[in-house]
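Colleague:
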Amino acid sequence: MMANYVYFYDMKTILFLVMSSALLFSCKPSTGQEKKAAAQKRSAKATEQLIPQLPFVGERQFETRHAVSGTGTPHKSVVIRKNGDVYFYFEQQNQADGTITKGQYYAGKFGPRMKCVFKEWDNEVVYYEITRDIIYELDEHNHHRHHEECCRLSNEGPEDQCPCAGELYQ
């Protein structure tokens, strides 16, 4: 009986040694280049997870308040850089004296809700949702804003139901 036990124990040991050797010799040491490539891949993946998918990279013009459009209306644009930084720009010419007012505002990294404080407009705070083709103004509850200033000439509904949204164009 004792001989069978020893035999079983020896088989377990042999099997363990064979499996360990197989694992040891099947793995190859990583080179410095492979380690660097793996670290870059992990870093890129982490960055992708931090920055939501960008709707576009570059500059787009827009207008969300169509009822106030006219000769003195500011020209607004949004710029999204590859690293996710978002900037809002505006330029407005005073029709009475010809002076031009310009503004550039950093809104932070791209996200589902972008906050812009227009300092030249009495620190007006506007929240935006930016998609690939359309920009929306948001209210304080993250809902699409509706206001009479946002109505188009062709609007046939109630004025307070006009969406504050506009197409993004180059």
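In this text, residue positions in the sequence shown follow this note's numbering: the first is 465, and each later residue adds one.
Glycine included, each C-beta is placed from N, C-alpha and C at the ideal position.
Any idea if Y592 is buried or exposed, counting beta-carbon neighbours within 10 angstroms, 16 or more meaning buried?
Modeller: Classification for Y592: buried.
Colleague: Take P519 as the anchor and find which of Y553, D549, E527 has the nearest alpha-carbon.
Modeller: Comparing Cα positions, the closest option is D549.
Colleague: Verify whether the separation of the beta carbon atoms of R609 and L602 is less than 8 Å.
Modeller: Yes.
Colleague: Check C614 in the structure and name its three-state DSSP category.
Modeller: C614: helix per DSSP, three-state reduction.
Colleague: Distance, Cα to Cα, K540 vs A501?
Modeller: Rounded to whole angstroms, K540 to A501 spans 41 Å at the Cα level.
Colleague: Beta strand (DSSP E) containing H539: first to last residue?
Modeller: 539–544 is the extent of the beta strand (DSSP E) around H539.
Colleague: Using CA coordinates, which residue listed in I594, G567, E498 is at the minimum distance from G575?
Modeller: Among I594, G567, E498, the Cα nearest to that of G575 belongs to I594.
Colleague: Nearest-angstrom Cα distance between A571 and K579?
Modeller: Cα to Cα, the separation comes out at about 6 Å.
Colleague: Can you list, in chain order, the residues of its chain with a C-beta nearer than 6 Å to that of A531? Leave out the 5 residues immediately preceding and following it.
Modeller: Once the five neighbours on either side are set aside, the close Cβ partners of A531 are E613, C615.
Colleague: Hey, E584 and T563: beta-carbon distance below 8 Å or not?
Modeller: Cβ atoms of E584 and T563: not closer than 8 Å.
Colleague: With the cut-off set at 8 Å, would you say R524 and Y633 are in Cβ contact?
Modeller: In this structure, Y633 lies closer than 8 Å to R524 by Cβ.
Colleague: Which whole-angstrom value describes the C-beta separation of V581 and Y569, a residue pair presumed to lie in contact below a C-beta threshold of 8 Å?
Modeller: Going by Cβ atoms, the distance from V581 to Y569 rounds to 6 Å, so yes, they are a contact pair.
Colleague: With 16 other CB atoms within 10 Å as the buried threshold, where does V542 fall?
Modeller: With 16 or more other Cβ atoms within 10 Å, it is buried.
Colleague: Ignoring anything shorter than 3 residues, give me the beta strand (DSSP E) runs that lie fully in the stretch 555–582, in order along the chain.
Modeller: Fully enclosed beta strand (DSSP E) runs of 3 or longer: 564–573, 578–582.
Colleague: Secondary structure at E588, three-state DSSP: helix, strand or coil?
Modeller: Residue state, collapsed to three classes: strand.
Colleague: Determine, using beta carbons only, whether C567 and Y551 come nearer to each other than 8 Å.
Modeller: Per the sequence shown, residue 567 should be read as Gly rather than Cys. The answer is no: Cβ separation not under 8 Å.
Colleague: From C628 to P538, what distance separates their C-alpha atoms?
Modeller: In a straight line, the C-alpha of C628 is about 16 Å away from that of P538.
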